[in-house]
Each structure stands twice: as C-alpha cells, then as structure tokens.
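Quick notes on the structure that follows.
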Amino acid sequence: MLCRPAQYLLRCDDLCPTVSSARWQSLAGLIREFGLRPILAVVPENRDAELEQSPADPGFWAGMREMETAGAAIALHGYRHLCASQERSLIGLTRASEFAGVDEATQRLWIREGLRILRAHGLHPRLWVAPRHGFDRNTLRALRAEGIELVSDGLAREPFVREGMTWIPQQLWGPVEKTKGLWTIAIHPNTARDEDLAALREFICAHAAQFTSVDRVLVEFPRRPMSVGERMYAGLALGRIQARSWRKRMGLSL
Ligand SMILES: [Zn+2]
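Numbering-wise (the working numbering), the sequence shown opens with residue 103 and increments by one.
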C-alpha cells in the first residue's frame with residue numbers, strides 16, 4: 103500500500119562552488135524558511151562548463167556544512183560531471199553519462215576520490231545521485247564497496263531494494279500534486295527560472311507538512327524489492343518520459 107497522503111522530498115542538483123549564485127540563494131532561502139531537509143547533490147570536483155554559472159563562491163562548502171547540520175542529506179553527484187560516455191544506463195532516461203559503461207576500476211576510483219573530496223570539506227555523503235541518471239551495475243558495486251548503499255533515482259512511488267542498494271525514487275522535476283506515494287522533486291538551480299522557483303514556493307506553502315527527509319524515509323518505509331505493481335508503474339512512467347522527449351526532439355508539440 104502506498105502512503106497517503108503523498109510525501110515529498112526536495113532534491114537540489116548540480117551543487118558546486120560555481121552554481122548560479124542568485125538562484126541557489128533563493129532556493130536555499132526557501133529551504134531555511136520552511137525548515138526543509140532536502141537531498142543536496144554535490145559535485146565533488148566540477149569540470150562541466152555548464153555548471154559554471156557564477157564566480158566560485160568561497161563560502162560554498164561552509165554553506166553545505168551548515169545545511170547538513172540543519173538536516174539535509176548530502177549526495178555524491180558524480181565526480182567531475184563530465185558526461186562523455188554514451189552507454190546505456192540502468193535507468194534508461196538519457197544516453198549521456200559520466201559513469202555508465204566506464205570500466206569498474208575507474209568508476210571505483212572516481213567514487214572513492216569524490217567521497218574523499220566531499221569528506222575533506224567536512225561533509226558526510228550518504229547517497230548516490232548520478233549525473234543525468236547515468237550509471238550501471240558496476241557503479242552500484244563500486245558504491246557498495248565504498249560504503250554507499252542509498253540511491254536517489256528510479257520511477258516507482260515508494261522506496262525499494264535493488265542490487266543490494268536502497269533506492270529512494272526520484273520522479274519529478276518540478277512540483278506536482280499527488281494523492282499517494284513518495285515523490286522526490288529534483289530542482290536544478292542553474293536552470294530554474296524565477297517562475298519555477300515561485301511555483302515551488304507556492305507548492306511548499308500548501309504542502310509544507312508533507313515534506314519529509316531521507317532520515318524519516320529510512321525509518322518509515324520498509325526495505326523490500328519493488329512490488330509487481332510498482333514495477334509496472336515505473337515501466338509505464340519511463341515510457342511516458344521517453345515518448346515526451348522523443349516528441350520534443352522531433353519538434354512536435356507536447
Ligand atoms: Zn547533474
């Protein structure tokens with residue numbers, strides 16, 4: 103049985119010292135104002151020019167530490183966010199990936215180094231958030247070997263266990279009202295427009311009591327494999343997303 107009413111988790115992606123300063127400040131303001139406990143997906147050593155939106159903020163890492171102390175969960179968001187591989191991911195949402203298809207030894211090295219960098223900044227990374235949802239079984243093996251057993255990804259409506267990892271699904275890229283289930287809303291501060299942040303604020307105002315945290319999710323949801331129903335739901339959701347992006351590529355209206 104899916105939880106009712108719906109619960110929401112906020113996830114902020116692509117965080118690094120050069121994240122768009124103005125937009126991250128307004129998102130961070132929302133988090134503080136409503137006492138949210140989001141997932142912060144941090145790039146350990148960004149080399150992706152698309153994530154260089156503002157001059158490097160010397161206070162970035164202290165800000166991350168402060169938010170972690172306030173209850174945010176830190177996620178390892180890849181290593182350098184360079185998505186040079188075109189191999190198929192376990193998720194099947196996109197083709198460009200930093201990790202999927204890369205040999206296991208290299209992936210393990212990147213994950214170990216990424217974790218080392220985040221820890222050297224005083225953070226305690228607990229989850230994996232793959233750049234562009236791109237990862238494979240080797241990534242999960244390397245993560246487990248490095249002590250990370252939580253993934254934020256997948257399209258089911260409740261957490262599940264797969265490949266020896268606990269998955270907290272992430273299905274939304276903006277606020278959408280739901281009646282049941284656990285929904286992670288991933289926001290990209292580099293590309294969020296003013297109206298996106300305004301819509302998020304309105305949604306949080308209306309549903310503040312339904313926002314949860316990684317800690318609560320781990321306590322409140324059982325760890326079990328994905329049910330047949332959720333497997334079907336996730337398959338259909340993937341089909342809908344793929345069809346939408348195909349129509350977009352073809353220039354057809356949505
Ligand atoms: Zn990313």
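Idealized CB from N, CA, C, for every residue including glycine.
| Query | Result |
| --- | --- |
| Please state whether the Cβ-Cβ distance between Q209 and A186 is less than 7 Å. | no |
| Should the segment 106-113 be called in touch with the segment 303-319, which here means at least 3 C-beta pairs below 8 Å? | yes |
| In whole angstroms, give me the CA-to-CA distance for A166 and E152. | Rather than Ala, the amino acid found at residue 166 in this sequence is Met. Cα to Cα, M166 sits roughly 21 Å from E152. |
| Helix, strand or coil: which one does DSSP assign to Y335? | helix |
| Would you be able to state if there are at least three C-beta pairs under 8 Å between the segment 233-244 and the segment 279-294? | no |
| Would you please state the rounded distance, in angstroms, between the beta carbons of L220 and P146? I believe it to be under 8 Å. | 5 Å |
| To test your reading of the DSSP string, which unbroken beta strand (DSSP E) runs of 3 or more residues are found completely within the segment 263-292? | 267-270, 284-289 |
| Might you give, ordered along the chain, the residues of its own chain that have their beta carbon closer than 8 Å to the beta carbon of R149, omitting 5 neighbours on each side? | R182, H183, L184 |
| I need the DSSP call for D255, collapsed to helix, strand or coil. | coil |
| For ligand 1, is there any heavy atom lying closer than 6 Å to the beta carbon of R255? | Note on identity: in this sequence residue 255 is Asp, with Arg being the wrong assignment. Answer for D255: no, Cβ out of range of ligand 1. |
| F136: which of F162, V121, A174, D116 sits nearest, CA to CA? | A174 |
| Under the three-state reduction of DSSP, which class applies to R326: helix, strand or coil? | coil |
| Ligand 1: which residues have Cβ under 6 Å from any of its heavy atoms, chain order? | D115, D116, H179, H183, P233 |
| Would you kindly report the start and end of the unbroken alpha helix (DSSP H) that includes C307? | 296-309 |
| Would you decide whether E297 is buried or exposed? Buried here means 16 or more other CB atoms lie within 10 Å of its CB. | exposed |
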